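The listed protein sequences derive, respectively, from chains C and X.
So that you can map any letter, position 325 of the first sequence is 326 in the working numbering, and since no number is skipped, the others follow by simple counting.
So that you can map any letter, position 329 of the second sequence is 330 in the working numbering, and since no number is skipped, the others follow by simple counting.
2 protein chains.
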Amino acid sequence: MAGQAKRNEYLDANFDRMVGYLQEWLAIPSISTLPEHRKDVQQAAQWVVERLTAIGFPETTLISTAGHPLVYGQWQVDKQQPTLLIYGHYDVQPVDPLPQWSSPPFQPTLRDGNIYCRGASDDKGQIMLVLAALEAWARVDATLPVNVKILLEGEEEAGGAAVADYVLNHPEALHADAVLICDTHMVNAEQPSIITGLRGILYTEIAVTGAKTDLHSGSYGGVAPNPLHALCLLISRLKGEDGGINIPQLAAAIPPPTPIEKQFWQDDPLHIKEDLLAEMGVNKMVGEVAYPPLERIGLRPTLEVHGIRGGFTGEGCKTVIPARAVAKVSMRLPANLDPRKVFNWLEEAVLSNMPAGYTVNLTNMHAGKGVSVNPDNPYIRAAAEAVEATFGSLPVFMREGGSIPIAALFAEVLQVPIVLMGFGLPDDTIHAPNEKFSLSQFRKGMKTVADFLGRIRRP
Amino acid sequence: MAGQAKRNEYLDANFDRMVGYLQEWLAIPSISTLPEHRKDVQQAAQWVVERLTAIGFPETTLISTAGHPLVYGQWQVDKQQPTLLIYGHYDVQPVDPLPQWSSPPFQPTLRDGNIYCRGASDDKGQIMLVLAALEAWARVDATLPVNVKILLEGEEEAGGAAVADYVLNHPEALHADAVLICDTHMVNAEQPSIITGLRGILYTEIAVTGAKTDLHSGSYGGVAPNPLHALCLLISRLKGEDGGINIPQLAAAIPPPTPIEKQFWQDDPLHIKEDLLAEMGVNKMVGEVAYPPLERIGLRPTLEVHGIRGGFTGEGCKTVIPARAVAKVSMRLPANLDPRKVFNWLEEAVLSNMPAGYTVNLTNMHAGKGVSVNPDNPYIRAAAEAVEATFGSLPVFMREGGSIPIAALFAEVLQVPIVLMGFGLPDDTIHAPNEKFSLSQFRKGMKTVADFLGRIRRP
Numbered sequence: 002m003a004g005q006a007k008r009n010e011y012l013d014a015n016f017d018r019m020v021g022y023l024q025e026w027l028a029i030p031s032i033s034t035l036p037e038h039r040k041d042v043q044q045a046a047q048w049v050v051e052r053l054t055a056i057g058f059p060e061t062t063l064i065s066t067a068g069h070p071l072v073y074g075q076w077q078v079d080k081q082q083p084t085l086l087i088y089g090h091y092d093v094q095p096v097d098p099l100p101q102w103s104s105p106p107f108q109p110t111l112r113d114g115n116i117y118c119r120g121a122s123d124d125k126g127q128i129m130l131v132l133a134a135l136e137a138w139a140r141v142d143a144t145l146p147v148n149v150k151i152l153l154e155g156e157e158e159a160g161g162a163a164v165a166d167y168v169l170n171h172p173e174a175l176h177a178d179a180v181l182i183c184d185t186h187m188v189n190a191e192q193p194s195i196i197t198g199l200r201g202i203l204y205t206e207i208a209v210t211g212a213k214t215d216l217h218s219g220s221y222g223g224v225a226p227n228p229l230h231a232l233c234l235l236i237s238r239l240k241g242e243d244g245g246i247n248i249p250q251l252a253a254a255i256p257p258p259t260p261i262e263k264q265f266w267q268d269d270p271l272h273i274k275e276d277l278l279a280e281m282g283v284n285k286m287v288g289e290v291a292y293p294p295l296e297r298i299g300l301r302p303t304l305e306v307h308g309i310r311g312g313f314t315g316e317g318c319k320t321v322i323p324a325r326a327v328a329k330v331s332m333r334l335p336a337n338l339d340p341r342k343v344f345n346w347l348e349e350a351v352l353s354n355m356p357a358g359y360t361v362n363l364t365n366m367h368a369g370k371g372v373s374v375n376p377d378n379p380y381i382r383a384a385a386e387a388v389e390a391t392f393g394s395l396p397v398f399m400r401e402g403g404s405i406p407i408a409a410l411f412a413e414v415l416q417v418p419i420v421l422m423g424f425g426l427p428d429d430t431i432h433a434p435n436e437k438f439s440l441s442q443f444r445k446g447m448k449t450v451a452d453f454l455g456r457i458r459r460p
Numbered sequence: 002m003a004g005q006a007k008r009n010e011y012l013d014a015n016f017d018r019m020v021g022y023l024q025e026w027l028a029i030p031s032i033s034t035l036p037e038h039r040k041d042v043q044q045a046a047q048w049v050v051e052r053l054t055a056i057g058f059p060e061t062t063l064i065s066t067a068g069h070p071l072v073y074g075q076w077q078v079d080k081q082q083p084t085l086l087i088y089g090h091y092d093v094q095p096v097d098p099l100p101q102w103s104s105p106p107f108q109p110t111l112r113d114g115n116i117y118c119r120g121a122s123d124d125k126g127q128i129m130l131v132l133a134a135l136e137a138w139a140r141v142d143a144t145l146p147v148n149v150k151i152l153l154e155g156e157e158e159a160g161g162a163a164v165a166d167y168v169l170n171h172p173e174a175l176h177a178d179a180v181l182i183c184d185t186h187m188v189n190a191e192q193p194s195i196i197t198g199l200r201g202i203l204y205t206e207i208a209v210t211g212a213k214t215d216l217h218s219g220s221y222g223g224v225a226p227n228p229l230h231a232l233c234l235l236i237s238r239l240k241g242e243d244g245g246i247n248i249p250q251l252a253a254a255i256p257p258p259t260p261i262e263k264q265f266w267q268d269d270p271l272h273i274k275e276d277l278l279a280e281m282g283v284n285k286m287v288g289e290v291a292y293p294p295l296e297r298i299g300l301r302p303t304l305e306v307h308g309i310r311g312g313f314t315g316e317g318c319k320t321v322i323p324a325r326a327v328a329k330v331s332m333r334l335p336a337n338l339d340p341r342k343v344f345n346w347l348e349e350a351v352l353s354n355m356p357a358g359y360t361v362n363l364t365n366m367h368a369g370k371g372v373s374v375n376p377d378n379p380y381i382r383a384a385a386e387a388v389e390a391t392f393g394s395l396p397v398f399m400r401e402g403g404s405i406p407i408a409a410l411f412a413e414v415l416q417v418p419i420v421l422m423g424f425g426l427p428d429d430t431i432h433a434p435n436e437k438f439s440l441s442q443f444r445k446g447m448k449t450v451a452d453f454l455g456r457i458r459r460p
C-alpha cells in the first residue's frame, strides 16, 4: 500500500478521535474581543500547544504578546527539504444573537453530518484537520515529509495586532518556502477551490454628537439634533440603494479584473449565483447591478453598517433623543488598495456628507490589506493535485470576498507563495448563529493536507 | 393671618419632612417598562396609598388592572362644592445610559438646590407637592376647600393602557368639574406657564428583514441585503436633513395656529429660543427653518428615531450583516390628528419608500392623542391667579411639545376643563441621565396648589 493510502487509512481509523479532539477544543469559548473570555483564549492556546507536543513536535511554545498569546511549533526534519509555514487562528467570534442558536454555541453538537459550534469552521475545525494530517505522517511515517513551522494566533477576530507585530519583527524566525492557510471555503462540497485573492478590510466607528445631553422628544422634538437621524442621513449618502459607494477617489483606484476572471464571473459556470441566493434565502440580490455577483464579492469594494449604538433599543417606548450615536461601518477593498489611504478618503466623504448641526469623529478600528496570489508556482500546483486526488475534481482558482490581512503581510514580508486551501462550505454561517463544519469536509480536508505535504518539492 | 398665609407657613415649617417623603418615594425604582421592576412599581403605588391615608383621605384604594395598579383616593367634603380630579403618575422612565449619572439614579441626592433622582420631576416630585398642599389644608383647616378625587397611574411611561381603560369604563366614578395635572414644566424659574396644548404621540417599531440568517460581510458583502442600511435609507427618506416629513397627507392636516399664537412664536418675547439652545448646549437648531422654533415644538409634527437594534454594537469589530434590524420611530402630532390615522399614513410612506429586496413590518407600539385647551374658564383663571400670587408674575399660556394622552382622554370623556399647571424646569433632563427637580420649585409648587384649591369656585 502506498504512503498516502496508509495515511488515509490511519485518518479513517482515527477519525472519531480527531472529532473528539475538535469537540474538546471547540468547547473552550475563546472569544478574543470580549475581555471576560481572556482566560478561555489562553486555555485554547494551551490546548493546542499540548496537541502539537503529543503529535511529536520537538519545539512548541506559547509566545506572550501585548494581547493574546501566539502558539508556535517547529519540526525541522531535513535541511534539504523545503519549509512550510502553516498559519491559523484559535480565537472565535462573539455569539450574539444567542437566542438564534439551535444548540448552545460552545457545546459542540453532531447533527446531520455536521459539527455545530462557534469556531467549528472558522477556524478551529480547519486547524484540527491540519493537525490530524501532521499526526498521520508522524505515526505512519515516523517523520514529516517537509520542515514545518506552525503559527497560530488568538486575535484574528480582534484585529490581529499581536501576530502582525510578531511577523514584522521576526521574519527570520518565520523564514519558509511557502505558507499554508486553511481558513477559507470551497464553492460547494463537490467543487473544491483554491483562493487566489482576498479583499482588504477597513473597520471604522463613526461617532456623531448632537446636544450635550439626552433629550426628551416631546420637549425638544422639532429643534433638537438627533445623532441617530444624522447617521441615517450620512450612511444613506455614503452608499445608495444601488450599492454605489459615494467616495470619489474609489472608482479610479479599483483595478480592472483579468479578462479570464471577468469571463468566469460573467459566465458563472459553477452557478454560484444560485448558491448565494439559496444560502441567503432570498430571491433577489442587493447591490451594484452593473457588475456580476462574483465580481461584486471578489473585487468590488463594499461599505456595510454592522450596528448603530445609541438611544434606546430595549422593550417599551422610551422617547429619548440621544446626545450621541455610533455606527460601526466597514469597507472591503481590492488587494491593491491600502486601507489606511482609503480611511482618509472615507473621512473626507464623511465630513462632506454630514448634515449640519453635529460633530462627527471617525475612528480606524482595524485595517488589513487584501492579497492577490499568482497561482503559477509548485506549491499551489501541489495543492491542486492533492485536492483533485481527494475530491475527484480539479479546484477552481477564485477570489474570496473576505479578508485575511495576515496573508497579505506574509506575502509582503516573506515574499513566498501563499496557499489558501480551505475546506469550509458557504453555508457554514461563520460569524453568525449555528456555525458548523461538515464532518465529510473535515475528513477530506485531513487527507488532502496529508497528501499535499507529501507532494511538496522544492522548486 | 389669612388662610393661605397659614398654609404657606405650615408648608415652610414642614418642608424638610416633605423632601424626606419625596426621597423615600423616589428611592423605589418604579420603572414601568421593565418586567424585573414589577414589584417596585407595586411598592411605589402602595407607598402613595399610605401617604394619602396619613393625610386624611377617607377613601383610598389600589385598583388592580391588567398591568400596574391605579391609586385612587377620594375626599368628599361638601356636595355644594365643586369636585377636582387630580391626575399623576408614579412610574418612571428607565435609567440607561447608567454611566452618565453623577449619582445613582435611585439614590435621591440633594445638590445645588435640586433633588437628583429618576422621577424627581417626572412625576413623583410634582405629585408630592400636590400631596403637601392637600396636607396643609387638612392640618391647618381640618378639611379641604373642594371635593378631591385623585387618580395616579403606574404606566404613563409604558403606554398608559390601564388608566385609559379605567377612564373609558368608569366615567361616572371620575365625574368632576375640572382636572388638575402637574406633569409639565414652566418657561423658566421666573416665568411660570400654564399649558394649553400638548402634542399627540405615535410610537412605532419598523422591523426590516433581509437574508434568512446573519451573514459575513466578507463572503456576502456586495450581494447581501443589509437591513441596517435599508433602515438608514428608509429613515433618511421619511425625514430629510431639512426636518421635512415625507408623509404627503400630513401637510394638509396640520391646523393653522391662531394669529396670537403665531405672533407669540414669531416674536418669542420670553427668549425661549436662547433657553433651548443653552439647554441643548448647541449654537444651532436642527429642523424646519421655515417655522419659528416654538411652533416646531408646539404644533409641528415630528418624526424621531430613538434607537436601531440589530447587528453588533459591542466592543471590537464584528463584521456581521444582520438578518434583521428594528428601528424605534415615534411621531409627535398636533392635537387634532388621530394617531391611529397617522399610523396608516406612516405605514403607506414606509412601504413606498422601502428599498427593494427587503420585507418590512410596522408595529403600532403606542398611540395617544394630543390636547388643546381653551383657557377661558374659572378653573384656569384660578390657577393663573394662584401662580401669580406665589411666583409674582402672570403665567403665559403655552403649548408644550410633549404628550400626555390621558389629558386628551379626560377632555373627551369628562368634557371638563383640564388645568395643566406644572412646576418642572426645562433643564430637569426628564427621561435622561441626572433628572432633577428644583427644591425651590417644589416649595413654590406646594404653595401654588394649596392656593389654587382655595380659589376654586363653581362657575
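Glycine is no exception: its CB is placed at the ideal position from the N, C-alpha and C atoms.
Keep in mind the model is a prediction, meaning the values are calculated, not measured.
| Query | Result |
| --- | --- |
| Since Lys-213 (chain X) meets chain C, which of its residues come closer than 9 Å, beta carbon to beta carbon? | Glu-280, Met-281, Gly-282, Val-283 |
| Have a look at C:Asp-429, C:Asp-124, C:Lys-445, C:Leu-410 and flag the residue whose alpha-carbon is nearest the alpha-carbon of Ala-163 (chain C). | C:Leu-410 |
| Short check: CB of Ala-383 (chain C) to CB of Ile-457 (chain C), under 7 Å? | yes |
| Which same chain residues, not among the five before or five after Gly-4 (chain X), have their C-beta less than 8 Å away from its C-beta? | Val-141, Asp-142, Gly-455 |
| Near Leu-216 (chain X), which residues of its chain fall below 6 Å by C-beta distance, leaving aside the five closest residues on each side in sequence? | Ala-225, Ile-322 |
| Does DSSP put Ala-28 (chain C) in a helix, in a strand, or in coil? | coil |
| With three or more C-beta pairs closer than 8 Å as the rule, is the region 434-441 of chain C touching the region 115-128 of chain C? | yes |
| Please report the distance separating the alpha-carbon of Ala-208 (chain C) from that of Thr-364 (chain C). | 8 Å |
| What residues of chain X sit near Met-366 (chain C), judged by a beta carbon separation below 9 Å? | Gly-317, Cys-318 |
| Using a Cβ-Cβ cutoff of 9 Å, what residues of the region 391-404 of chain X are near chain C? List them in chain order. | Glu-401, Gly-402, Gly-403, Ser-404 |
| Check whether chain X comes within 7 Å of His-90 (chain C), counting only Cβ atoms and requiring the distance to be less than that. | no |
| What are the residues in the region 406-420 of chain X lying within 9 Å of chain C by C-beta distance? | none |
| Is it a yes or a no for the region 59-76 of chain C touching the region 12-26 of chain C, going by three-plus beta-carbon pairs under 8 Å? | no |
| What residues from the region 102-136 of chain X come within 7 Å of chain C, judged by C-beta to C-beta, listed N to C? | none |
| So what's Asn-354 (chain X) in DSSP terms, helix, strand or just coil? | helix |
| For a cutoff of 7 Å on Cβ pairs, would you count Ser-373 (chain C) as touching chain X? | no |
| Rounded to a whole number of angstroms, what is the C-alpha to C-alpha distance between Ala-357 (chain X) and Met-286 (chain C)? | 9 Å |
| Can you find a CB in chain X that lies within less than 7 Å of the CB of Gly-201 (chain C)? | no |
| Check Arg-333 (chain C) in the structure and name its three-state DSSP category. | strand |
| If distances are taken between C-alpha atoms only, which option among C:Met-187, C:Thr-430, C:Asp-92, C:Pro-105 comes closest to Glu-280 (chain C)? | C:Thr-430 |
| How many angstroms separate the CA atom of Pro-228 (chain C) from the CA atom of Thr-314 (chain C)? | 15 Å |
| Kindly say whether Glu-242 (chain X), judged by its beta-carbon, lies nearer than 7 Å to any beta-carbon of chain C. | yes |
| Kindly indicate if chain C contains any beta-carbon less than 7 Å away from that of Met-187 (chain X). | no |
| Mind pulling the chain X residues with CB within less than 7 Å of Tyr-94 (chain C)? | Reading off the sequence shown, one finds Gln at residue 94 (chain C), where the question assumed Tyr. Under the 7 Å cutoff, chain X gives Lys-319. |
| Out of C:Gln-77, C:Ala-326, C:Trp-346, C:Lys-319, which has the shortest C-alpha to C-alpha gap to Gly-311 (chain C)? | C:Ala-326 |
| Tell me the start and end of each unbroken alpha helix (DSSP H) in the region 369-439 of chain X that is at least 4 residues and wholly inside, in chain order. | 379-392, 406-415 |
| Need the endpoints of the beta strand (DSSP E) that Tyr-117 (chain C) sits in, please. | 115-117 |
| Expressed to the nearest angstrom, what Euclidean distance is found between the alpha-carbon atoms of Ala-252 (chain C) and Asp-243 (chain X)? | 30 Å |
| Determine, for Val-224 (chain C), whether the minimum Cβ-Cβ distance to residues of chain X falls below 7 Å. | yes |
| I'd like to know whether the C-beta of Cys-233 (chain X) is nearer than 7 Å to at least one C-beta of chain C. | yes |
| Rounded to a whole number of angstroms, what is the C-alpha to C-alpha distance between Gly-219 (chain X) and Ser-404 (chain C)? | 6 Å |
| What separation, rounded to the nearest whole angstrom, lies between the Cα atoms of Ala-336 (chain C) and Lys-342 (chain C)? | 13 Å |
| Taking 7 Å as the cut-off, decide whether the C-beta atoms of Asp-92 (chain X) and Ser-31 (chain X) are in contact. | yes |
| Judging by CA-CA distance, which residue of X:Val-149, X:Asp-41, X:Gly-201 is the nearest neighbour of Ile-56 (chain X)? | X:Val-149 |
| Comparing the C-beta of Gln-227 (chain X) with each C-beta of chain C, is any distance below 7 Å? | Just to set this straight, residue 227 (chain X) is Asn in the shown sequence, not Gln. Yes - at least one Cβ of chain C is within 7 Å of the one on Asn-227 (chain X). |
| Starting from Lys-150 (chain X), trace the beta strand (DSSP E) in both directions and tell me its first and last residue. | 148-154 |
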